[in-house]
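A.B. asks: One structure is given below, represented as structure tokens, and several questions about it will come after.
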Amino acid sequence: MVWKLKFREQKLLKHMVFLNWEATDHNLQELRVSRCHRLQRYEDDTRYNQLSLAGRASCACATGRSADGQASSFCRRSLPTVLLELRLAQHLQAAVAFMEQGHVHKGPDVVTDPTFLVTCSM
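Count along the sequence shown from 1, add 4, and you get the number used in our numbering.
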């Protein structure tokens, strides 16, 4: 039996966002990667991990050996990180701010999503 929440408690809970965050042993590593690469959502890190696992499985089947890839390898290919490597921004936080404000273009399109990945052919 659960008590009914008071009005102030209901009001506080209304503003809370509860994510489905899996309890794993790698939580510290995921937090470190998300802080280092300025990921805004925790779901991005889990998606990058799933993509890297899928790439490892297909590469291991094709070549017979395992390929090493992590979420940080995807984050190194994000557009803010590339802007930082090209010295168009001083800090990663500044590069993310430039993108969110709409100062970065890819061709005629404005890119405002900081999770935009740069391919090798770009």
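Yeah, the Cβ is synthetic: ideal placement off N, Cα and C, and Gly gets one too.
At what residues does the alpha helix (DSSP H) containing V100 begin and finish?
C.D. replies: Residue mapping note: residue 100 aligns to position 96 of the sequence shown, counting from 1. Secondary structure note for V100: its alpha helix (DSSP H) is the uninterrupted segment 96–105.
A.B. asks: Considering K15, what are the terminal residues of the alpha helix (DSSP H) in which it resides?
C.D. replies: As a first step, residue 15 is located in the sequence shown; it is residue number 11 there, counting from the start. First-last of the alpha helix (DSSP H) with K15: 11–18.
A.B. asks: Leaving aside the five residues before and after V86 along the sequence, list all residues of the same chain whose C-beta is less than 8 Å from its C-beta, in chain order.
C.D. replies: Numbered from its first residue, the sequence shown carries residue 86 at position 82. The beta carbon of V86 sits closer than 8 Å to the beta carbons of V122 from its chain, once the five residues preceding and following it are set aside; these are given in chain order.
A.B. asks: What distance in whole Å lies between the Cβ atoms of D49 and L55, which are believed to be in contact at a cut-off of 8 Å?
C.D. replies: The residue you call residue 55 lines up with position 51 of the sequence shown. The residue you call residue 49 lines up with position 45 of the sequence shown. Actually they are not in contact, since the Cβ atoms of L55 and D49 sit about 11 Å apart, beyond 8 Å.
A.B. asks: Below 6 Å CB to CB, which residues in the same chain sit around P112 once its five sequence neighbours on both sides are set aside?
C.D. replies: What you label residue 112 is simply residue 108 of the sequence shown in a count that begins at 1. The answer is none, since no qualifying residue turns up.
A.B. asks: Just verifying my parser: in three-state terms, what is the DSSP assignment at L121?
C.D. replies: Taking the sequence shown and counting its residues from 1, one reaches residue 121 at position 117. DSSP places L121 in strand when its eight states are reduced to three.
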